[in-house]
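Enquirer:
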Amino acid sequence: NWTMVNIADESIDAVRAQVGAKRAICALSGGVDSAVAAALVQRAIGDQLTCVFVDHGLLRKGEPEQVEKDFVAVTGVNLHVVDAQERFLSALDGVTDPEEKRKIIGREFIRVFEEAAREIVKGGSEGGANASEPVEFLVQGTLYPDVVESGGGTGAANIKSHHNVGGLPDDLQFTLVEPLRTLFKDEVRALGEQLGLPSEIVWRQPFPGPGLGIRIIGAVTRERLDVLRDADAIAREELTRAGLDRDIWQFPVVLLADVRSVGVQGDSRTYGHPIVLRPVTSEDAMTADWAKLPYDVLQRISTRITNEVADINRVTVDITSKPPGTIEWE
Ligand code: XMP
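Here the UniProt record's numbering is used: the first residue of the sequence shown is 200, the next is one more, and so on.
(1) Tell me whether E318 counts as near the ligand XMP, meaning its Cβ is closer than 7 Å to at least one heavy atom of that ligand.
(2) Among the candidates P473, T515, S467, R423, whose CA atom is the shortest distance from the CA of L258?
(3) Just mark R421 as buried or exposed, buried being the case when its beta carbon has 16 or more other beta carbons within 10 Å.
(4) Given a cut-off of 8 Å, decide if I447 and R503 are closer than it, judged by their beta-carbon atoms.
(5) Quick check on S398: does DSSP put it in helix, strand or coil?
(6) Check this for me: beta carbons of V235 and L248, under 8 Å apart or not?
(7) For F312, report the span of its alpha helix (DSSP H) as first-last.
(8) For the alpha helix (DSSP H) that contains E498, what are its first and last residues?
(9) Please report how far the alpha carbon of D385 lies from the alpha carbon of L497, in whole angstroms.
(10) Quick check: is any heavy atom of the ligand XMP less than 7 Å from the C-beta of K302?
(11) On the criterion of 16 or more Cβ atoms from any shown chain inside 10 Å, does R440 qualify as buried, or is it exposed?
(12) What is the DSSP secondary structure of Q284, counted as helix, strand or coil?
(13) Tell me whether residue 158 sits in a helix, a strand or coil according to DSSP, three-state version.
(14) Counting along the chain, where does the alpha helix (DSSP H) carrying P473 start and finish?
(15) Taking only three categories from DSSP, how would you classify S233?
(16) Is DSSP giving K359 helix, strand or coil here?
(17) Mind checking V514: buried by the 16 CB within 10 Å criterion, or exposed?
(18) Return the bridge partner residues of G462 from the DSSP annotation.
(19) Which first and last residues belong to the alpha helix (DSSP H) in which T519 is found?
(20) Count the other CB atoms, across all protein chains shown, that sit within 10 Å of the CB of D483; report buried if there are 16 or more and exposed otherwise.
(21) Would you call the CB atoms of K521 and E335 closer than 8 Å?
(22) State the Cα-Cα distance for the pair Q284 and G256, rounded to the nearest angstrom.
(23) Answer yes or no: do D429 and V508 have a C-beta to C-beta separation smaller than 8 Å?
(24) Buried or exposed: where does N277 fall if 16 or more other Cβ atoms within 10 Å of its Cβ makes it buried?
(25) Could you pull out every residue in the same chain whose Cβ sits closer than 7 Å to the Cβ of D282, ignoring the five residues on either side in sequence?
(26) Please confirm whether R215 and A237 have their CB atoms less than 8 Å apart.
(27) Might you give, ordered along the chain, the residues of its own chain that have their beta carbon closer than 6 Å to the beta carbon of V311, omitting 5 neighbours on each side?
(28) Less than 7 Å between C-beta atoms, sequence neighbours within five positions excluded: which residues of the same chain meet that for N458?
(29) Taking its Cβ as the centre, do 16 or more other Cβ atoms sit within 10 Å of I303, making it buried, or is it exposed?
(30) Taking just the CA atoms, how far does G408 sit from H361?
(31) Look up D488 in the DSSP assignment and say whether it is helix, strand or coil.
(32) Would you check whether the ligand XMP has a heavy atom nearer than 7 Å to the C-beta of G412?
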């Protein structure tokens with residue numbers, strides 16, 4: 200695509216001009232924006248870029264691997280992975296209030312990122328090329344809509360300029376590199392494809408920064424996360440198999456961890472948890488309609504989840520539009 204080639208080339212030149220021989224860091228969330236921004240900057244300055252991936256344990260099945268293996272394989276990016284799963288789990292221990300969860304996840308994310316950034320700034324083994332050059336730049340996947348209305352995502356993994364850079368400590372003040380500032384989401388996806396990124400990343404649905412932490416209604420535990428990840432993976436697989444990925448805006452799968460209901464499997468009574476399927480269509484997430492998924496797709500998802508995921512004995516579908524419901528349950 201002629202236009203996209205131009206955008207890519209021009210952006211790569213602009214990044215080179217801005218960064219020069221200095222170093223840059225970025226945070227990868229697994230989402231399309233940070234991935235495309237990082238891939239582009241990697242093309243421009245190679246090893247002068249170091250990416251940080253904070254694995255908070257709240258991503259969906261396969262997503263950490265997409266970042267750590269597939270993204271790295273395709274881009275050759277210099278990646279610093281922080282396994283922070285235990286840290287997030289203990290910070291979230293016993294917390295049930297949605298806003299409290301968001302605050303904790305956001306706070307821990309910034310702290311972990313700061314620690315990683317400090318190590319990279321000091322120029323450890325992750326230094327890559329020009330390790331003696333200072334780290335002056337922070338790459339962010341800010342899109343045009345984020346620029347015009349700064350009400351964008353409040354996600355932890357989505358460190359947007361308006362609520363992060365000002366918040367970093369003095370010794371970690373960076374100049375922003377925002378190569379996607381003039382682009383809309385569909386253009387970012389086109390650019391991502393052109394840069395050869397895996398389609399699982401390029402076509403990923405919007406996913407909240409606090410991740411599965413706000414899709415468990417009740418306290419977050421490792422066991423509950425594993426149950427939700429398995430159910431979510433089945434729902435996504437069946438949606439993909441039905442060829443419906445691009446018709447659905449988002450498909451949260453929610454675990455009602457504090458609710459139990461009676462069921463029967465074989466000859467025995469079960470007392471398990473319900474899963475809520477929340478497929479929606481939307482243009483911009485401000486309003487949304489519940490998605491009328493074909494019954495056969497719903498049936499396959501239901502049968503597979505109850506057969507394959509221990510502890511889940513009931514599958515329900517949320518048929519509330521937004522408003523009055525929100526897309527997420529928390
Ligand atoms: P709601 O649930 O308010 O969600 O209808 C609207 C959109 O925002 C996403 N969302 C979040 N994104 N951090 C984020 O980065 C958050 O805390 C958060 N909460 C909701 C949600 O997935 C949907 O796309």
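The C-beta atom is built at its ideal place from N, Cα and C for all residues, glycine as well.
Expert: Answer, in terms of the structure:
(1) no
(2) R423
(3) exposed
(4) no
(5) helix
(6) no
(7) 297–321
(8) According to the sequence displayed, residue 498 carries Gln and not Glu. That run of the alpha helix (DSSP H) goes 494–507.
(9) 28 Å
(10) no
(11) exposed
(12) helix
(13) Residue numbering for the chain in the displayed model covers 200 to 529; residue 158 lies beyond these limits and cannot be assessed.
(14) Looking at the DSSP string, P473 is not in any alpha helix (DSSP H); the run it does join, the beta strand (DSSP E), is 467–476.
(15) helix
(16) Low confidence applies to K359: its pLDDT is 41, below 50, so where it sits in the model is not reliable enough to give any reading.
(17) buried
(18) T469
(19) First-last for T519: undefined, no H or E at that position.
(20) exposed
(21) no
(22) 5 Å
(23) yes
(24) buried
(25) D254
(26) no
(27) V253, V281, A283
(28) Sequence inspection shows Val at residue 458; the Asn mentioned does not correspond to that position. The residues are H472, P473.
(29) buried
(30) Below a pLDDT of 50, predicted positions are generally treated as unreliable, and H361, at 37, falls in that range; the measurement from the model is reported next regardless. Taking the straight line joining both Cα atoms gives about 15 Å.
(31) strand
(32) no
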